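Student: Note that UniProt numbering has the sequence shown beginning at 1, numbered continuously upward.
Beta carbons are placed, not taken as given, at the ideal position from N, Cα and C, and that holds for glycine.
Predicted model, so just to flag it, every value in this text is computed and none were measured.
One structure, pasted below without further comment.
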Amino acid sequence: MLVMKRVAVVTGGGSGIGSAICQRLGADGYAVAVLDLNGDGAELTAKEIVAAGGQAVGYQLDVSDRTDVDRVLGEVRAELGSVSVLVTSAAVAIQEPFAEISVESWNRIMAINLTGTFNCAQSVLPEMVESGWGRVVFISSSSAQRGGPKMAHYAASKGGVIALTKTLALEYSPLGVTINNISPSSIDTPSVRRKQEAGLVPSNEVMGRHIPVGRMGTGADIAGACAYLCSDDASFVTGQTVSVNGGSYLA
């Protein structure tokens, strides 16, 4: 538990991995700003944190819109205080053969996954530098490390997130702010379940057989790694890609 309550901003916090991260940080004593394009989902996650005894507020946010990002983060500061922790989990993934990817589809993926990450980081880093302490955790993907069939735009966007991690770590770590990313693989989320129902991906049982630990990952697995990277204990960890994948990809 934190001695002083810090404000954590989490994008994509309305469901899946982002929601699990929000709930873990709320349980750890952070005041959590839950941001999501789905405002109802953000508010639901926030209500669950409050019901468990934590502090959280939900906000609707389009991370690809810089004006919206600056406006919403201004509301967060006014309501909760200066931002100490940023976790960017907002993302979109589409499976399309490379030859069929339209310019519009490519630009949409980049706008949300990569430019959205840039927008949020650039908006909060100045206040972290001013305070002399900050934690930034981007959510990347194993697709960026090993490639992803029919996901060229998604893999490329997440590869950009990994490169951004390294670059910002070199620039901001001397100023008291660590920058890392978590690379998940095969996580049981609502979006994965929808793809399973549509017959686009195998069942959890089938996918689990191909993972050395013998199961799919959970949001809690990612949230645990994120909680560490956001803590004082991780002060000597920066510029890293932390793979949370059950051994399915070995760097």
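Quick check: the stretch 138-147 against the stretch 94-105, are there 3 or more CB pairs under 8 Å?
Tutor: The stretch 138-147, when compared against the stretch 94-105, does not touch it at the 8 Å Cβ threshold.
Student: Report back the beta-carbon spacing between Gly18 and Ala90 to the nearest angstrom; my notes put them in contact at under 8 Å.
Tutor: Going by Cβ atoms, the distance from Gly18 to Ala90 rounds to 7 Å, so yes, they are a contact pair.
Student: Tell me where the alpha helix (DSSP H) around Ile222 begins and ends.
Tutor: Counting along the chain, the alpha helix (DSSP H) containing Ile222 begins and ends at Gly219 to Leu229.
Student: From the DSSP output, read off the bridge partner residues of Pro184.
Tutor: Answer is Val244, bridged to Pro184.
Student: Report, in whole angstroms, the separation of the C-beta atoms of Ala161 and Asn181, which I expect to be a contact under 8 Å.
Tutor: Looking at the sequence provided, one finds Val at residue 161 rather than Ala. Right, the Cβ-Cβ distance comes to about 6 Å (below 8 Å), so this counts as a contact.
Student: Would you call the stretch 41-59 and the stretch 13-31 in contact, with 3 or more CB pairs under 8 Å?
Tutor: Segments in contact, yes.
Student: Out of Asn204, Val83 and Ile222, point me to the one whose CA is closest to Gly214's CA.
Tutor: It is Asn204.
Student: Which runs of the alpha helix (DSSP H) at least 4 residues long sit entirely within the stretch 40-104? Give them in chain order.
Tutor: Taking only runs of at least 4 residues, the alpha helix (DSSP H) segments lying wholly in the stretch 40-104 are 66-79.
Student: Can you name the start and end residues of the alpha helix (DSSP H) that Arg24 belongs to?
Tutor: Its alpha helix (DSSP H) spans residues Gly16 to Ala27.
Student: Could you check whether Ile21 and Val10 sit closer than 8 Å to each other, using their CB atoms as the reference points?
Tutor: Yes, they are a contact pair.
Student: Output the boundary residues of the beta strand (DSSP E) element that contains Leu35.
Tutor: Segment Ala31 to Asp36, the beta strand (DSSP E) holding Leu35.
Student: Let me check understanding here. Comparing Cα to Cα, which of Asn245, Met216, Leu168 and Val177 lies closest to Ser84?
Tutor: Measuring from the Cα of Ser84, the nearest candidate turns out to be Val177.
Student: Could you give the DSSP three-state label for Phe236: helix, strand or coil?
Tutor: Phe236 falls in the coil class under three-state DSSP.
Student: Suppose the cutoff is 8 Å on Cβ atoms and the five residues either side in sequence are ignored; what does the same chain contact list for Pro190 look like?
Tutor: These residues qualify, in order along the chain: Ser15 and Gly16.
Student: CA-CA distance, Ala225 and Ala169?
Tutor: Their Cα atoms are separated by approximately 18 Å.
Student: Considering only C-alpha positions, which residue in the set Ala234, Lys166, Val136 and Thr117 is nearest to Ser157?
Tutor: That would be Thr117, whose Cα lies nearest to the Cα of Ser157.
Student: Can you tell me the Cα-Cα spacing of Val206 and Leu250, whole angstroms?
Tutor: Each residue's Cα considered, the two are about 20 Å apart.
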